[in-house]
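Heads up: the sequence shown at position 119 corresponds to 318 in my numbering, and the numbers run straight through without jumps. Idealized CB from N, CA, C, for every residue including glycine. Each remark here refers to the structure printed beneath this line.
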Amino acid sequence: MIFRNRTIEMKWAFFFIIMMVLWMVMEKLVGLHDVYIDQHAIYTNFVAIPAVIIYFLALKEKRESFYRGHMSYTQGLISGLFITLVITAITPAMQFVVSTFITPSYFQNAAKYAVEQEFMTAAKAAEYFNLKNYILQATLSAPIMGIITSLIVAAFVKRD
200 MIFRNRTIEM KWAFFFIIMM VLWMVMEKLV GLHDVYIDQH AIYTNFVAIP AVIIYFLALK
260 EKRESFYRGH MSYTQGLISG LFITLVITAI TPAMQFVVST FITPSYFQNA AKYAVEQEFM
320 TAAKAAEYFN LKNYILQATL SAPIMGIITS LIVAAFVKRD
């Protein structure tokens, strides 16, 4: 069975999802989804730091616990890709929960800001800032970012 030897990856994928939800809560609490929405595009990118740390810790645990201290680049990459697969599968539900329960006014606030700053027309803002589009964006970006992160982190964690 494919999941039999992947419990470490499953655990860290769930840690990743929890981190993302907590990150969104933090963004909401500090005002990046309303009062300081003009700063959101800058500060939201810092989520990459805990994301990379989680991948690093996951692959390090896989190397130490499963491979007994020795893990090839390919083994690390496969583990990272499995984490990415799990994260990608859960992402639509996570985005729904975040957008519906944690920060339900984000789309309205972001669209209003984009129109006020003349970044978009009202029609384009409504087309862009909505749940369906954000679920699509998150689900497409999760594997891209996960693959890139896996490719890089596996190189640092490998130990032949």
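The segment 253 to 313 is shown to contain whole alpha helix (DSSP H) runs of 4 or more residues at 272 to 296, in chain order.
Counting along the chain, M218 sits inside the alpha helix (DSSP H) bounded by residues T206 to L228. Rounded to the nearest angstrom, the gap between the Cα atoms of Q274 and F300 is 38 Å.
With 16 or more other CB atoms across the displayed protein chains lying within 10 angstroms of its CB, M270 is buried. About 6 Å separates the beta carbon of M293 from that of M219, a gap short enough to meet the 8 Å contact definition. Taking C-beta separations shorter than 6 Å and ignoring five residues to either side along the sequence, the partners of I289 in its chain run I216, following chain order.
In the DSSP annotation of this structure, V234 is not part of any alpha helix (DSSP H), being labelled neither H nor E.
The secondary-structure analysis by DSSP pairs R358 across a beta bridge with M270. Judged by DSSP secondary structure, E326 falls within the alpha helix (DSSP H) whose first and last residues are A321 to Y327.
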